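Okay, structure first, notes after.
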Amino acid sequence: SQQGEEDPQALSIQEGENATMNCSYKTSINNLQWYRQNSGRGLVHLILIRSNEREKHSGRLRVTLDTSKKSSSLLITASRAADTASYFCATLQTDSWGKLQFGAGTQVVVTP
Amino acid sequence: EPEVTQTPSHQVTQMGQEVILRCVPISNHLYFYWYRQILGQKVEFLVSFYNNEISEKSEIFDDQFSVERPDGSNFTLKIRSTKLEDSAMYFCASTPSPAEAFFGQGTRLTVV
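Protein sequence lines, in the order shown, are assigned to chains A and B. Mapped onto my numbering, the consecutive letters of the first sequence carry residue numbers 1 to 112. Mapped onto my numbering, the consecutive letters of the second sequence carry residue numbers 1 to 112.
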């Protein structure tokens, strides 16, 4: 798979449920970031986890990083209809000038 | 809160015409980027710019593309002779250091 691939591609859940999506990557990274994009809109930065961190929390978001497996997960707890969006992981490689490599994204639909 | 601003939000142009997409990065940032997202696809890196020169570019960023920081505040992407396949959302990003990127809302370019 390519750098920064997410699964599942699509996720449909009900309000109040948790949403979990995963990201895998191939090369050494400096950090991994998660972004949200509402349909046709801009990218909103959610959370950044550095390569020496294993877990990070921000509000209802929980991110894990396993550098040995080259994978990360994003958990959204107690989802709301407003969480409906596409979620992308993006990796910053260790030898880059800040170039982010994005995955294909997970489309999350939260129904009331 | 400071933000990256992009203009226009939507541009329609005829094939073969030149377009300039404009971005105002956050004022104390030093690294600037352009990304694009073809409809329904992943976000792709185009170019990074630091210290008034290109630091990295992708295969997509061919001779038809150029970037400029003409006046210390704006950061522009020029496409010399647009093709139909240039139709995409173009995102500008900036950052004080090659870590977390701050994205603008994007310019939707439609080539007809």
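Don't be surprised by glycine CBs; every beta carbon is placed ideally from N, CA and C. All values derive from a computational prediction rather than experimental measurement.
Query                                                                                                                                                : Result
Can you give me, in chain order, the residues of the region 40-56 of chain B that have a beta carbon less than 8 Å from any beta carbon in chain A?  : Gln-41, Lys-42, Val-43, Glu-44, Phe-45, Ser-48, Tyr-50, Ser-55, Glu-56
In this structure, does DSSP put A:Leu-46 in helix, strand or coil?                                                                                  : strand
Which residues mark the beginning and the end of the beta strand (DSSP E) in which A:Tyr-25 is found?                                                : It is not in any beta strand (DSSP E) - A:Tyr-25 carries neither H nor E in the DSSP assignment.
Per DSSP, what kind of secondary structure is A:Ala-82 in: helix, strand or coil?                                                                    : helix
Just tell me which of B:Ala-99, B:Thr-95, B:Val-111 has its CA closest to the CA of B:Lys-3.                                                         : First, the residue type needs correcting, since residue 3 of chain B is Glu and not Lys in the sequence shown. The residue with the shortest Cα to Cα distance from B:Glu-3 is B:Thr-95.
Since A:Ser-39 and A:Ile-47 are thought to touch, with beta carbons under 8 Å apart, how far apart are those beta carbons, to the nearest angstrom?  : Wrong, their Cβ atoms sit about 21 Å apart, outside the cutoff.
For the region 99-111 of chain A, which residues have a CB atom closer than 9 Å to at least one CB atom of chain B, in sequence order?               : Lys-99, Leu-100, Gln-101, Phe-102, Gly-103, Ala-104, Gly-105
Looking at chain C, which residues of the region 85-106 of chain B have a Cβ within less than 9 Å of any of its Cβ atoms?                            : Here the protein chains are A and B, and chain C is not one of them.
Using a 10 Å radius around the Cβ and a threshold of 16 neighbouring Cβ atoms, would you call B:Ile-79 buried or exposed?                            : buried
With a threshold of 16 other CB atoms inside 10 Å of the CB of A:Gly-16, please say whether the residue is buried or exposed.                        : exposed
Using 8 Å as the limit for Cβ to Cβ distance, is A:Gly-42 near chain B?                                                                              : yes
Since A:Gln-37 and A:Phe-102 are thought to touch, with beta carbons under 8 Å apart, how far apart are those beta carbons, to the nearest angstrom? : The pair is not a contact, with the Cβ atoms about 10 Å apart (cut-off 8 Å).
Among A:Ala-19, A:Asn-30, A:Met-21, A:Glu-6, whose alpha-carbon lies nearest the alpha-carbon of A:Thr-67?                                           : A:Asn-30
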